[in-house]
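Each remark here refers to the structure printed beneath this line.
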Amino acid sequence: MTQTLFFLGSTGYLGSEFLKLLAKDYPDFNLRALVRNPTEEKTNKLRAIYKNITIVSGALEDDDIIQGEVEKADIVINVASSDHAPSVKATIAGLDKRSKTGGSPPLYIHTSGCGIVSDNARGEPVDHVKEWSDIGLDLKSCTPTNTHLDSDIPIVELGSRKENPVRTIIVYPAQIYGVGTGIQRTTIWLRIFMDMAKKLGRAGTWGSGANSMNNVHVLDCADAMHRVFKAAMEGRADEGPEGLYFVGSLEPKVTYHDWNVVMGDYLFKKGLIKEGGSRPMPSEVVDPLGNYGWSLLGGNQFTNPDRITTKLGWDPVHTRREPLLSTMHAAIDVALEDGVWGDAHYTTGPEEESK
1 MTQTLFFLGS TGYLGSEFLK LLAKDYPDFN LRALVRNPTE EKTNKLRAIY KNITIVSGAL
61 EDDDIIQGEV EKADIVINVA SSDHAPSVKA TIAGLDKRSK TGGSPPLYIH TSGCGIVSDN
121 ARGEPVDHVK EWSDIGLDLK SCTPTNTHLD SDIPIVELGS RKENPVRTII VYPAQIYGVG
181 TGIQRTTIWL RIFMDMAKKL GRAGTWGSGA NSMNNVHVLD CADAMHRVFK AAMEGRADEG
241 PEGLYFVGSL EPKVTYHDWN VVMGDYLFKK GLIKEGGSRP MPSEVVDPLG NYGWSLLGGN
301 QFTNPDRITT KLGWDPVHTR REPLLSTMHA AIDVALEDGV WGDAHYTTGP EEESK
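Each residue of the sequence shown is one higher than the last, beginning at 1 in full-length UniProt numbering.
Written out as structure tokens, the structure reads:
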């Protein structure tokens, strides 16, 4: 009997890259994909990747649609926003109902992020940064105000229960980078920081930008997702409280300041902003995001991918071949081609107006 797979995030940077690998090894799912504003172009791109796909028109805010789709699915994959708690709650509610119908327990693979281990250094140098392993990891030992935890802890609790079981796995990508080959070709953090540079007329960081994290090329990250999925399908994956997978290379980390300098210099060379380099963002930018922004964008996140390397043989070959900084110019060019900048050049931000 054909299994039904419900996919959230299929048109995204990592999601569409993973979908391509899924199509090669698992082309026969009844795959249903939630797509916001499914234009003919989006639909055609998705069908070019996965032929047997059904487009479900909806957004992460559509709780009823998500819960209804999850209730009918054997497998749910979420590669959409890692911080959209309402959609995760709707997914959990659907999995709960699905698990009570009998048969094999449903499988839920959720993509989160390494912000769970942020030290919130506020972008400043620190003497020591803790390195976290995903083996023996207890999410409740993380700083409770860190990002993603309000979704991740309930997922693990769902995957821990004995009655009406649900199989849960959470994947924690580090800083994903590189030009992708899927539908969305550039990473969201680059597009966000480019947008801020456009508004301010310069690049900048939370604090001095001395913080850093592990990084991983998008092709390696998609491969990791695929390995976890394949292991789960074959009954080899760790699940529930043990089903937590860090995905990041052990290649040299790059500080937020250093990659913002590369971005700032390149955008300045192109005449798109009025100064090169990078300096701290003004309060008008950082204050609206509050602790969330400082924790996610101003903290160190050091993780060791012990589970996926030792148990599933993952090796980040693309990350070694193309280090983060070497890909920045190409990624910026692609983001510009895809319209991230629009037609306008820089606009003067609040900090510059006060000078």
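Note that beta-carbon positions come from the ideal geometry of N, C-alpha and C, so glycine has one too.
No experiment lies behind these values; they were computed from the predicted model shown.
- Of all alpha-carbon atoms in Y172, G123, H84, R321, the one lying nearest the alpha-carbon of G299 is that of G123.
- DSSP places N291 in the uninterrupted alpha helix (DSSP H) bounded by 290 to 297.
- With a beta-carbon spacing of about 6 Å, V56 and E69 fall inside the 8 Å limit used to define contacts.
- Excluding its 5 nearest sequence neighbours in each direction, L312 has C-beta neighbours in its own chain below 6 Å: R227, A231, listed in chain order.
- When beta bridges are read from the DSSP output, F302 appears opposite E131.
- Nearest neighbour of A174 by Cα position, chosen from N260, N215, E61, turns out to be N215.
- Take the alpha-carbon of R279 and the one of E17: they are about 33 Å apart.
- In the DSSP assignment, Y172 falls within the beta strand (DSSP E) that extends over 167 to 173.
- Taking K198 as reference, the option from G243, H148, T319, V285 with the minimal CA-CA separation is V285.
- Between the stretch 120 to 140 and the stretch 72 to 84 there are fewer than three inter-stretch CB-CB distances shorter than 8 Å, so the stretches are not counted as touching.
- In this structure, L5 is the residue among V35, P165, L5, C114 with its C-alpha nearest to the C-alpha of P27.
- With respect to the 7 Å criterion, I155 and H110 are classified as neighbours on the basis of their beta carbons.
- Beta-bridge partners of T205 (DSSP): P280.
- Counting along the chain, the unbroken alpha helix (DSSP H) around Y266 starts and ends at 256 to 269.
- Straight across, the Cα-Cα distance linking Q3 with M263 is about 44 Å.
- Relative to N164, the option among T187, A85, P105 whose CA is nearest is P105.
- Per DSSP, reduced to three states, the secondary structure at S104 is coil, with no helix or strand assignment.
- Following the DSSP letters along the chain, one finds S10 in no alpha helix (DSSP H), marked with neither H nor E.
- Counting only residues of its own chain and dropping the five nearest sequence neighbours on each side, Y266 has a CB closer than 6 Å to the CB of H329, I332.
- Taking the Cα of K20 as reference, the smallest distance to any Cα among I183, I92, Q301 is reached at I183.
- Under the three-state reduction of DSSP, V156 is assigned to helix.
- For T147, the three-state secondary structure derived from DSSP is coil.
- Rounded to whole angstroms, the Cβ separation of G94 and T168 is 13 Å, and the two are not in contact under 8 Å.
- The DSSP-derived three-state label of S112 is coil.
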